[in-house]
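Residue numbering for the sequence shown follows our numbering, beginning at 83 and increasing consecutively. Heads up, the beta-carbon is just placed ideally off N, CA and C, and yes, glycines get one too. Structure record follows, encoded as structure tokens.
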Amino acid sequence: MVFLLSKHPWLIPALFTLGIGVGVWIARRGRRFWMRRQLLRRWRHAKRGEERARVWLEQHGFIVLDEQVTQTSFLLVNGEESPFNVRADYVVERNGVRAVVEVKTGAVADPSSRGTRRQVFEYAHVYGVDEVYLFDADEQRLHHIGIPSASAAPAPAGGTAWKVVVIFAVGMVVGALVAWWAFGIFP
Numbered sequence: 083m084v085f086l087l088s089k090h091p092w093l094i095p096a097l098f099t100l101g102i103g104v105g106v107w108i109a110r111r112g113r114r115f116w117m118r119r120q121l122l123r124r125w126r127h128a129k130r131g132e133e134r135a136r137v138w139l140e141q142h143g144f145i146v147l148d149e150q151v152t153q154t155s156f157l158l159v160n161g162e163e164s165p166f167n168v169r170a171d172y173v174v175e176r177n178g179v180r181a182v183v184e185v186k187t188g189a190v191a192d193p194s195s196r197g198t199r200r201q202v203f204e205y206a207h208v209y210g211v212d213e214v215y216l217f218d219a220d221e222q223r224l225h226h227i228g229i230p231s232a233s234a235a236p237a238p239a240g241g242t243a244w245k246v247v248v249i250f251a252v253g254m255v256v257g258a259l260v261a262w263w264a265f266g267i268f269p
């Protein structure tokens, strides 16, 4: 081995580089395997949550009309329609009232979760149903989500113009008092 290394000195850096390359390859494959495994575990957990939600909804008087319902809508981007699809977990009805139910597990089952809030707003607009619900499959809890109309939303925080006028007036008064005191300008 020593003879081989003395005859070919480039062999040490080459083997070192090869070792790093193999290590990186193994690390990437391991990471990809681990991420796939975690994703599969989450998907299975979510699927079980949807199944539990269906049973819970039916036990509590909801009629499941459809599941994994895809609806197309659009945004106007520079005046042109830009279509998109959304998919709700369940469209249900109870006492003649149609609703969309979104099932979540884990941290996103919290109604205050940013992505969940956005999704629920989107469903309320796109599906045109009377009610929107969020079902926390881990806690077996149904949240009724009320979506206020645009007219009921609080007015944007504004009204800074009056603050500017007051600050300007106070500045003028303070400036006049300083000028009067320091220079005797005013009689």
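Within 8 Å, strictly: CB atoms of residue i and residue j
i, j, result
"L122", "V183", "no"
"Y209", "Q153", "yes"
Through-space distance from residue j to residue i, alpha-carbon basis
i, j, result
"V174", "E204", "17 Å"
"E221", "D192", "10 Å"
"V248", "F156", "45 Å"
"V211", "R180", "6 Å"
"M117", "V104", "20 Å"
"S195", "W125", "19 Å"
"L259", "K245", "21 Å"
"V159", "G101", "51 Å"
"R200", "L147", "24 Å"
"R223", "V168", "23 Å"
6 Å CB neighbourhood of residue i in its chain, flanking five on each side removed
i, result
"G131", "V185, T187, A219"
"A128", "T187"
"F144", "V174, R176"
Neighbourhood of residue i by C-beta, 7 Å cutoff - its chain only, sequence neighbours within 5 removed
i, result
"A91", "Ala is not the amino acid found at residue 91; the sequence shown has Pro there. There are no such residues."
"V190", "G197, T198"
"V151", "R169, A170, V173"
Contacting residues, own chain, Cβ-Cβ under 8 Å from residue i (five flanking each side not counted)
i, result
"V202", "E184, P193, V214, L216, I227, I229"
"E163", "F156, L157"
### Query
For the 8 Å Cβ check, are there 3 or more pairs between the segment 153–173 and the segment 119–138?
Short answer: they touch.
### Task
Please specify which runs of the alpha helix (DSSP H), each continuous and at least 4 residues long, are wholly inside the segment 149–227, giving them in chain order.
Within the segment 149–227, the complete alpha helix (DSSP H) runs of at least 4 residues are 196–209.
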